[in-house]
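These protein sequence lines map, in sequence, to chains A and B. First residue of the first sequence: 189, per this note's numbering; consecutive thereafter. First residue of the second sequence: 10, per this note's numbering; consecutive thereafter. Data block below; observations after.
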Amino acid sequence: MKKVLSGNEAIARGAYEAGVRLASAYPGTPSTEILETVAKEYKSILSEWAPNEKVALEVATGASYAGARTMAVMKHVGVNVAADPLMTLPYTLVRGGLVLISADDPELFSSQNEQDNRQFARFAKIPMLEPASSQEAKDFILEAMLISEKYQTPVMLRTTTRIAHSMGVVEIHEPVEVKEPVLERHPKEWVMLPANARVRHPVIEERIKNLMELSNSSPLNIAEINNTAIGIIASGVSYQYAKEAMPDASFLKLGMSYPLPDKKIKDFASKVKELWVIEELDPFFEEQIKALGIACKGKDVIPMCGELSPDIIRQALAGKKIEKPAQPELPGRPPSMCPGCPHRGMLWALRRNKAFIAGDIGCYTLGFLPPLDAIDTCQCMGAGISHAHGMSRVFGPGKEKITAVIGDSTFYHSGMTGLLNLAYNNGVALIVILDNSTTAMTGAQNHPGTGLTLMGGKAPEVNLSEVVKALGIKWVEIVNPYELKNTRKKVKEALEHDGPSVIISKSPCVLLKSKAVSGKPLKVDNDKCTNCKVCISLGCPAIEAGADSIKITSLCVGCGICAEICAAGAIGGAE
Amino acid sequence: MNILMTGVGGQGIILASDILSEVMMRAGKDVKKSEIHGMAQRGGSVMSHVRFSDKVFSPIIPYGECDILISFEELEAARYLPYLKKDSKVIINKFRLSPPSVIAGKDTYPDILPLIEKVTKDTTVVEGSKTAKEIGNPRGVNIVLMGVLSKYLDTPEELWIETLNDMIAEKIRKINIEGFLKGRTL
């Protein structure tokens, strides 16, 4: 039977067909839909949102040690968080097949960097598969499980946004039988004390040699010999782009892209006149191929940054300058915080207090945009709190107004340790937790604070203010960010407080059918409006500038913060 | 065949392109579709590439190879001109949503037809939003526009109806199929 599936949906199907028993993940674009699909469509798999990616990989490791097939799913930067367990995991004995899904984001559609996670496969010395279509995304999960179990190693399956989010026709199959877990003890292979780890290291080195032989013989690495004037080595979506651009060329398509198939590459190179390596981001293949003593062309003309495309490849291979065709400049539509977003009032209040606002990863990062202009740093999950602490420590108390904002899901992910550090080291910064009771940026996933699990079950709902107090913060206030006057007052008090302070700005995401807003657009009394444009400074998409007075459009959900800051009292009740 | 669907987040482009892909798979084609989602994109530009043929490689359309561009919003029809060629068909829904800089009074809403007609003369403006409103289903503009698009594709009406029946929730199925059929008359 055939279905049209995205790469992510295909991976979920692949997990089902391959007999995966447990999958753990933290949501992150472009990987989020994998576990959402598993939870919705394949309920025989135990699926969990973990508070962060390190936990997700460790949970998967436990399942594997118990003999079950398992996967941990994350975006590229999530692997950084999981890097600690990842680097030692290959030393240990993998029992049930264990697949790490790394979804990379060339072009930074929704990420803070565009790191190339193929480097992690080499760094951790684990095999890597790279699907080039939805069909392969599904099929490669079973392949990865078989490799994982045969070679007793974790396997990385690396996608990119274009594979994860593109849809294609997939022939689906029936699932294999799910293996029952059996408790065993393997202390020499699982307790990584120096004495044991020292013995295990040579195992990895021997294994990676054996895996290179597998890579040489694997049908996942296929040479397609056509016109031999040009030979192209590529993997993933780059293969599809190159195939589109140069349909008659010869190809070596790499489905198993680490370790590289040295013999196949040498053989392929000997059959073509001009060898090209076409890959997005780093010269990962190119450097290894050059180290084999094989001459090839690649990053001297193929860009290091951003996505590739058939057009870029055509231009590069034709020896032309790579440039985008002309497009008239049009007014843009940058992403923005939604009308009625509960973050808006809090960010505005902080900015009005002339605070420095260390930011984090979430919808509120969009508060960076003008006119709100209310985010001063954004680096990685959980970083904002520690940025604020480091800054306020060097300035000393009372010198500068240093604050940080962080979302609830991000706080549980990796903000708690930062806050613990701040309390422990007698920090003085104001930390605002923007608690909208969901993981909003990735499309509203549950987390430990929502009282619901990924599979829809009930869970204990974390009491955020009690957590904050338990970490050592004594000054804690909960505010409703739509009550702007009170919010401003509490911000002022917190900034004047001699010691660390936390404000929990609590109101649900407006996309969650929030009852905190009326849902009815407000209206403007044109006679009263002085056109002072203070309301425009909120950056709300529902407020339009006009010649004589402002306008409120049908996008308005009636949150009312513009009415609260309107000195002329020109904005009023629902129509 | 390369089809580009453009518009603004919230207009139902993703579902529309899912339906088109499903129809083409059922028609026996190889299909690939690509769009980007993830950031809080409400009100952001949305572009979906749908390609079908006996065999499709790249999930994105190369520049100058778009056969039909259907835009759910007027300005968005002119945002991706490099994908067009001189005989591309361009279908534009008569509907304007001001971008933030126009809202803030810094830009004016541009006149887009002359921009497009520098590349292709084959442009059609359709009353998709008006039609959806008239039948009492303003959110169903995406399906009305699929009706319009279907006129230019060599796929039988029954296959579309059958697919819509399978893909649209029962509560809103009847009114959307009505919208689709109305779209075929625009």
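Where a beta carbon is used, it is the ideal one built from N, C-alpha and C, also for glycine.
Inset, instruction - Since I believe B/GLU83 is in contact with B/ARG105 (beta carbons under 8 Å), could you give me their beta-carbon distance rounded to a whole number of angstroms? - result: 5 Å
Inset, instruction - Report the residue from B/ALA36, B/PRO68, B/SER80 and B/PHE66 whose alpha carbon sits nearest the alpha carbon of B/VAL55. - result: B/SER80
Legend entry - Span of the alpha helix (DSSP H), counted from its first residue to its last, around B/VAL17: Bounds of any alpha helix (DSSP H) do not take in B/VAL17; it lies within the beta strand (DSSP E) bounded by 11–17.
Legend entry - the region 271–278 of chain A contacting the region 296–307 of chain A, beta-carbon criterion three pairs below 8 Å: no
Legend entry - chain A contact residues for B/ASP116, given Cβ-Cβ distances below 8 Å: PRO519
Inset, instruction - Using only the heavy atoms of the ligand MN, determine whether one of them is closer than 6 Å to the beta carbon of A/SER194. - result: Judged by which ligands are present, the structure shown has none, so any question about the ligand MN falls away.
Legend entry - Start and end residues, beta strand (DSSP E) containing A/ASN609: No beta strand (DSSP E) contains A/ASN609, which is instead part of the alpha helix (DSSP H) from 604–612.
Legend entry - Residue-chain proximity (A/GLU763, chain B), Cβ-Cβ < 7 Å: In this predicted model, A/GLU763 has a pLDDT of only 46, less than 50, meaning its place in the structure is not dependable; the value taken from the coordinates is given anyway. No, its Cβ sits nowhere closer than 7 Å to a Cβ of chain B.
Legend entry - Min CB distance A/CYS720 to chain B below 7 Å: no
Inset, instruction - Could you work out which residues of chain B lie near A/VAL357, taking near to mean beta carbons separated by less than 7 Å? - result: MET34, ASP39 and VAL40
Legend entry - Supposed close pair B/VAL134, B/GLY188 - CB separation, criterion 8 Å: Your pair B/VAL134 and B/GLY188 does not check out as a contact, with CB atoms roughly 18 Å apart and the cut at 8 Å.
Legend entry - Counted within 10 angstroms of its Cβ, other Cβ atoms place A/ASP272 as buried (16 or more) or exposed: exposed
Legend entry - 7 Å Cβ shell around B/THR132 - same chain, five flanking residues per side excluded: VAL99, ILE101, LEU122, ILE125 and GLU126
Inset, instruction - Output yes if chain B places a C-beta closer than 7 Å to the C-beta of A/ALA733; else output no. - result: Chain B contact via Cβ: present.
Legend entry - Segments of 4+ residues assigned as alpha helix (DSSP H) that fall wholly inside the region 414–455 of chain A: 424–433
Inset, instruction - Might you give, ordered along the chain, the residues of its own chain that have their beta carbon closer than 8 Å to the beta carbon of A/LYS478, omitting 5 neighbours on each side? - result: CYS484
Inset, instruction - Whole angstroms is fine: what's the gap from A/CYS744's alpha carbon to A/ASN719's? - result: 19 Å
Inset, instruction - Compute the beta-carbon to beta-carbon distance between A/PRO519 and B/PRO108, rounded to the nearest angstrom, for a pair I have assumed lies under 8 Å. - result: 4 Å
Inset, instruction - Using alpha carbons as the reference points, say which of A/ILE335, A/LEU535 and A/CYS493 lies closest to A/ASN301. - result: A/CYS493
Legend entry - Reduced DSSP category for B/LYS183 - H, G, I as helix; E, B as strand; rest coil: Residue state, collapsed to three classes: helix.
Inset, instruction - Check the C-beta distance from A/LEU659 over to A/MET604 and give it rounded, since I have them as a contact under 8 Å. - result: Correct: roughly 7 Å between the Cβ atoms.
Legend entry - Three or more C-beta pairs below 8 Å linking the region 395–406 of chain A and the region 415–435 of chain A: These segments do not touch.
Inset, instruction - Would you list the one or two residues that DSSP bridges to B/ARG60? - result: Its beta-bridge partners are B/ASN11 and B/LYS41.
Inset, instruction - Measuring alpha carbon to alpha carbon, tell me which of A/TRP237, A/LYS716, A/CYS526 and A/GLY761 ends up nearest A/PRO709. - result: A/GLY761
Inset, instruction - Count the other C-beta atoms from every protein chain shown that fall within 10 angstroms of the C-beta of B/MET155, then say buried if there are 16 or more, exposed otherwise. - result: Buried is the call here.
Inset, instruction - Counting only runs of 4+ residues fully inside the region 219–292 of chain A, write out the alpha helix (DSSP H) ranges in chain order. - result: 221–229, 241–253, 264–269 and 271–276
Legend entry - Cβ-Cβ distance between A/ALA213 and A/VAL261 below 7 Å: yes
Legend entry - Where the beta strand (DSSP E) containing A/GLY175 begins and where it ends: Residue 175 of chain A is absent from the structure shown; chain A starts at 189 and stops at 763.
Legend entry - Within-7 Å CB hit, A/PRO516 to chain B: Residue contact check for A/PRO516 against chain B: a CB pair falls below 7 Å.
Inset, instruction - Name the two residues that bound the continuous beta strand (DSSP E) containing A/VAL593. - result: 590–595
Legend entry - Alpha carbon of B/GLY47 to alpha carbon of A/LYS461, nearest angstrom: Because the pLDDT at B/GLY47 is just 49, under 50, the model does not fix this residue reliably, and the point stays unresolved.
Legend entry - Cβ neighbour criterion (16 or more within 10 Å) applied to A/PHE473: buried
Legend entry - beta strand (DSSP E) segment containing A/VAL712, residue limits: Secondary structure note for A/VAL712: its beta strand (DSSP E) is the uninterrupted segment 710–712.
Legend entry - Boundaries of the alpha helix (DSSP H) in which A/LYS338 is found, first to last residue: 322–339
Legend entry - Under 7 Å by beta carbon: chain B residues contacting A/VAL192: Chain order gives the chain B residues near A/VAL192 as SER30, GLU31, MET34 and VAL40, where near means a beta carbon separation below 7 Å.
Inset, instruction - Answer yes or no: does any C-beta atom of chain C fall closer than 7 Å to that of A/SER742? - result: The structure shown contains no chain C; its protein chains are A and B.
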